[in-house]
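Peer 1: Take a look at this one; I'll ask things after.
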Amino acid sequence: MNYQHPKLIEELAAQYVLGTLRGRARRRFERVCARNAKALDAVRQWEDRLVDLLAGVVPVAPSAVVWDQIKFRVRRDRALRPKRVGATFGNWRFALAAGIAALAIAFGLWTGFGPGRTEQIATVWDQQTQMWSIEATRSRGALQVNASANLMLDPARAYELWALPGGGAAPVSLGLMPKSGQWTLQLNDAQRLALSRSKQIAISLEPPGGSPTGAPTGPVLFFADVAVPG
Amino acid sequence: MHVHGLMADVHSQTLPARAGPLPSQDATQAEHLELLLGRCAQRDERALQELYQLVSGQLLGILMRILRRRAVAEEALQDVMVKIWERADQYVAYRGRAMAWITAIARYRAIDLLRRQQAASPIDDAPAEALVDITAADFVDTTTSARMRKALHDCFSKLTAEQRRCLELAYVDGYSQDQIAGEIESPLGTVKSWMRRGLASLKRCLDS
Numbered sequence: 001m002n003y004q005h006p007k008l009i010e011e012l013a014a015q016y017v018l019g020t021l022r023g024r025a026r027r028r029f030e031r032v033c034a035r036n037a038k039a040l041d042a043v044r045q046w047e048d049r050l051v052d053l054l055a056g057v058v059p060v061a062p063s064a065v066v067w068d069q070i071k072f073r074v075r076r077d078r079a080l081r082p083k084r085v086g087a088t089f090g091n092w093r094f095a096l097a098a099g100i101a102a103l104a105i106a107f108g109l110w111t112g113f114g115p116g117r118t119e120q121i122a123t124v125w126d127q128q129t130q131m132w133s134i135e136a137t138r139s140r141g142a143l144q145v146n147a148s149a150n151l152m153l154d155p156a157r158a159y160e161l162w163a164l165p166g167g168g169a170a171p172v173s174l175g176l177m178p179k180s181g182q183w184t185l186q187l188n189d190a191q192r193l194a195l196s197r198s199k200q201i202a203i204s205l206e207p208p209g210g211s212p213t214g215a216p217t218g219p220v221l222f223f224a225d226v227a228v229p230g
Numbered sequence: 231m232h233v234h235g236l237m238a239d240v241h242s243q244t245l246p247a248r249a250g251p252l253p254s255q256d257a258t259q260a261e262h263l264e265l266l267l268g269r270c271a272q273r274d275e276r277a278l279q280e281l282y283q284l285v286s287g288q289l290l291g292i293l294m295r296i297l298r299r300r301a302v303a304e305e306a307l308q309d310v311m312v313k314i315w316e317r318a319d320q321y322v323a324y325r326g327r328a329m330a331w332i333t334a335i336a337r338y339r340a341i342d343l344l345r346r347q348q349a350a351s352p353i354d355d356a357p358a359e360a361l362v363d364i365t366a367a368d369f370v371d372t373t374t375s376a377r378m379r380k381a382l383h384d385c386f387s388k389l390t391a392e393q394r395r396c397l398e399l400a401y402v403d404g405y406s407q408d409q410i411a412g413e414i415e416s417p418l419g420t421v422k423s424w425m426r427r428g429l430a431s432l433k434r435c436l437d438s
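Written as structure tokens, this is what we have:
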């Protein structure tokens, strides 16, 4: 097919915009548009010519959840976009791909907190919005996680907390984050060790119930520094 | 690859500046949409929210006409708004009206989804209401040019009834040519001929 022929280009552009150019022909014409400014311009002109045909379509008010989901997706994408975040996530993937999954298990390395004390070890932010605060208490061997009020979170997914021990070691799941209110994450020895070695924690988006593999499977949405115990 | 994604990429190519001013009142509305797209390109979430408030009802109406199912259409609306947010910086290279750009993203997304949806189950009967009311108020408020709208209305009314029906079913309802032939009970070849001639007449009339 001679895509340089103006009449053919014009006809395909009209059919493309109309929606009657389908399947492989549609894909093929998209590729033509990608390298042929005249074809692209013909598409643009047909889009502009026909748009007012939609005037008779009755507007429909979307459900409130639609905007919530859009806002969520936009913020999630922004959270993933910064270079620092991407680089860190890349390192995870590299570590996992390299099979560096072994984690030494030891006792008594959880440091810093006196008996009965609860100390804030991390605060998770999304831009200017505080999402969660995380406190730890040695005596309970657990984290107390508090969700900020009115968090905009994906209701169909889980938010999983990970310790990032560094040094090429794999992230270690510390449990799922609450979407509202607060709950306690009981830590086993491996988790406590991993956290004691972590300068940062991360939160990834996972299927309901958390990562099915033991490693982050969804996008990493948030990072937070772990405070040095006082 | 999603159609709207590719066409948004395609639209990012550098093109000459938009030709010709628009009438003043419409131009103000068009400029407002363009301003919001510009702010979206600067990652201003409030601009996206304002844009959403302005166009989401129309877009969902358009998506539902093609996709027929509210849940699918609302999912598509999310995709469209996220795509607009991601590609807002590319609107500057687009020579058409802002609403034409936005609507194209929505329709291409719907057409893309329609193929999968139709593979799963047949579509419903064609909606009965007429679609030639090009002066409908809500749409008028956010699209741009009254002059262009009137021109389309005048030129469209010069087409034969069969040509108009075929073009409406394709453009507004997302029908394939086969489906149109079934809907209006005419041979496929005849439908193709009506559509080709209708488009050619429309172009001649609008460009004159």
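Heads up: the protein sequence lines correspond to chains V and R, in order. If you use this note's numbering, the first sequence corresponds to residues 1 to 230, in order. If you use this note's numbering, the second sequence corresponds to residues 231 to 438, in order. All residues carry an ideal CB built from backbone N, CA and C; glycine is no exception. This structure is a prediction, so every number in the text was calculated from the model and none was measured.
1. Quick one: any contact between the stretch 335-346 of chain R and the stretch 300-309 of chain R, if contact means 3 or more CB pairs under 8 Å?
2. Rank I410(R), T258(R) and L281(R) by C-alpha distance to the C-alpha of L267(R) and give the top, closest one.
3. Helix or strand or just coil, what does DSSP make of Q69(V)?
4. According to DSSP, is S286(R) helix, strand or coil?
5. What are the start and end residues of the beta strand (DSSP E) that includes A142(V)?
6. Apart from the five residues on each side of it in sequence, which residues of its chain come closer than 7 Å, Cβ to Cβ, to W46(V)?
7. Just to confirm before moving on: does the CB-CB distance between G291(R) and V57(V) stay below 8 Å?
8. Using beta carbons (cut-off 8 Å, strictly below), is E47(V) in contact with chain R?
9. Using a 10 Å radius around the Cβ and a threshold of 16 neighbouring Cβ atoms, would you call G167(V) buried or exposed?
10. In whole angstroms, give me the CA-to-CA distance for L40(V) and I134(V).
11. So, does the stretch 401-412 of chain R touch the stretch 17-27 of chain V, judging by three or more C-beta pairs under 8 Å?
12. Does the Cβ-Cβ distance between V74(V) and W315(R) come in under 8 Å?
13. When DSSP builds the beta bridges, which residues end up paired with D225(V)?
14. May I ask you to list the residues that DSSP assigns as paired with G209(V)?
15. Check the DSSP bridge columns for G175(V) and list the partner residues they point to.
16. Report the three-state DSSP secondary structure of A156(V) (helix, strand or coil).
17. Which same chain residues, not among the five before or five after V421(R), have their C-beta less than 8 Å away from its C-beta?
18. What did DSSP end up calling G214(V) once you bin it into helix, strand or coil?
19. Does the beta-carbon distance from R273(R) to D309(R) come in below 8 Å?
20. Quick one: Cα of A271(R) to Cα of L151(V), how far?
21. Measure the Cβ-Cβ separation of L143(V) and A136(V) and say whether it is below 8 Å.
22. Return the chain-ordered list of same chain residues with a C-beta closer than 7 Å to the C-beta of V43(V), the five sequence neighbours on each side being excluded.
23. Output needed for Q393(R): all residues of its chain with C-beta closer than 6 Å, excluding positions within five of it in sequence on either side, in chain order.
24. For Q200(V), which residues in the same chain have their Cβ closer than 7 Å to its Cβ, ignoring the five residues on either side in sequence?
25. Chain V beta carbons: is any one of them nearer than 8 Å to that of E398(R)?
26. Per DSSP, which one or two residues make a beta bridge with A136(V)?
27. Restricting to runs no shorter than 3 residues, where is the beta strand (DSSP E) found entirely within the stretch 272-319 of chain R?
28. So is G287(R) buried or exposed if we call it buried at 16+ other beta carbons inside 10 Å?
29. Name the residues in the stretch 18-29 of chain V whose C-beta lies less than 9 Å from a C-beta of chain R; which are they?
30. Is it buried or exposed, K388(R), if we count other Cβ atoms within 10 angstroms and call 16 or more buried?
31. Residues in the same chain with beta-carbon distance under 7 Å from D68(V), minus the five sequence neighbours each way, listed in chain order, please.
32. Any beta-carbon of chain R closer than 8 Å to the one on Q136(V)?
33. Would you kindly work out how many angstroms separate the C-alpha atoms of E261(R) and R35(V), rounded to a whole number?
Peer 2: A quick look at the data gives this:
1. yes
2. For this step, residue 267(R) is matched to residue 37 along the second sequence. That would be L281(R), whose Cα lies nearest to the Cα of L267(R).
3. Here the question's residue 69(V) lines up with position 69 in the first sequence. In the structure shown, Q69(V) sits in a helix (DSSP, three-state: H, G or I).
4. The count along the second sequence starts at 1 and reaches residue 286(R) at position 56. Three-state DSSP puts S286(R) in a helix.
5. Residue mapping note: residue 142(V) aligns to position 142 of the first sequence, counting from 1. That run of the beta strand (DSSP E) goes A142 to A147.
6. Residue 46(V) sits at position 46 when you count from the first residue of the first sequence. Correct list, in chain order: A13, A14 and V17.
7. Here residue 291(R) corresponds to residue number 61 of the second sequence, with the count starting at 1. Here residue 57(V) corresponds to residue number 57 of the first sequence, with the count starting at 1. Contact: yes.
8. Indexing the first sequence from 1 puts residue 47(V) at position 47. Chain R, which has a Cβ nearer than 8 Å to the Cβ of E47(V), makes this yes.
9. Stepping through the first sequence from its first residue, residue 167(V) is reached at position 167. Classification for G167(V): exposed.
10. Here residue 40(V) refers to the residue found at position 40 when the first sequence is read from its first residue. Here residue 134(V) refers to the residue found at position 134 when the first sequence is read from its first residue. Cα to Cα, L40(V) sits roughly 52 Å from I134(V).
11. yes
12. Taking the first residue of the first sequence as position 1, residue 74(V) is located at position 74. Taking the first residue of the second sequence as position 1, residue 315(R) is located at position 85. Yes, Cβ-Cβ distance for V74(V) and W315(R) is below 8 Å.
13. Here residue 225(V) refers to the residue found at position 225 when the first sequence is read from its first residue. DSSP output for D225(V) lists Q200(V) as bridge partner(s).
14. Here residue 209(V) refers to the residue found at position 209 when the first sequence is read from its first residue. Looking at the DSSP assignment, G209(V) forms no beta bridge with any residue, so it has no partner.
15. On the first sequence, position 175 is the one that residue 175(V) refers to. Paired residue(s): L161(V).
16. Position 156 of the first sequence, counting from 1, holds the residue named residue 156(V). DSSP places A156(V) in coil when its eight states are reduced to three.
17. Here residue 421(R) refers to the residue found at position 191 of the second sequence. These residues qualify, in order along the chain: C396, Q407, I410, A411 and I414.
18. Your numbering for residue 214(V) matches position 214 in the first sequence. Correct three-state label for G214(V): coil.
19. The residue labelled residue 273(R) in the question sits at position 43 within the second sequence. The residue labelled residue 309(R) in the question sits at position 79 within the second sequence. Not a contact, by the Cβ cut-off of 8 Å.
20. Taking the first residue of the second sequence as 1, we reach residue 271(R) at position 41. Taking the first residue of the first sequence as 1, we reach residue 151(V) at position 151. One C-alpha to the other measures close to 25 Å.
21. Translated into positions along the first sequence, residue 143(V) becomes position 143. Translated into positions along the first sequence, residue 136(V) becomes position 136. Cβ atoms of L143(V) and A136(V): closer than 8 Å.
22. For the purposes of this step, residue 43(V) is identified with residue 43 of the first sequence, where counting begins at 1. Counting only Cβ-Cβ distances below 7 Å, and skipping sequence neighbours, we find A13, Y16, V17 and C33.
23. For the purposes of this step, residue 393(R) is identified with residue 163 of the second sequence, where counting begins at 1. So the qualifying residues of the chain are W424 and G428.
24. Taking the first residue of the first sequence as position 1, residue 200(V) is located at position 200. So the qualifying residues of the chain are L164, F223, A224, D225 and V226.
25. Within the second sequence, the letter at position 168 stands for residue 398(R). Yes, because at least one Cβ of chain V sits closer than 8 Å to the Cβ of E398(R).
26. Locating residue 136(V) in the first sequence gives position 136, where the first residue counts as 1. Looking at the DSSP assignment, A136(V) forms a beta bridge with E119(V) and L143(V).
27. none
28. In the second sequence, the residue the question calls residue 287(R) occupies position 57. Looking at its Cβ environment, which holds 16 or more other Cβ atoms inside 10 Å, G287(R) is buried.
29. L18, G19, T20, R22, G23, R26 and R27
30. Your numbering for residue 388(R) matches position 158 in the second sequence. It is exposed - the Cβ of K388(R) has fewer than 16 other Cβ atoms within 10 Å.
31. By 1-based counting over the first sequence, the position of residue 68(V) is 68. Here the set comprises M152.
32. One-based indexing of the first sequence puts residue 136(V) at position 136. According to the sequence provided, residue 136(V) is Ala. The question's Gln does not apply to it. A136(V) does not count as touching chain R.
33. In the second sequence, the residue the question calls residue 261(R) occupies position 31. In the first sequence, the residue the question calls residue 35(V) occupies position 35. Answer to the nearest angstrom: the Cα atoms are 30 Å apart.
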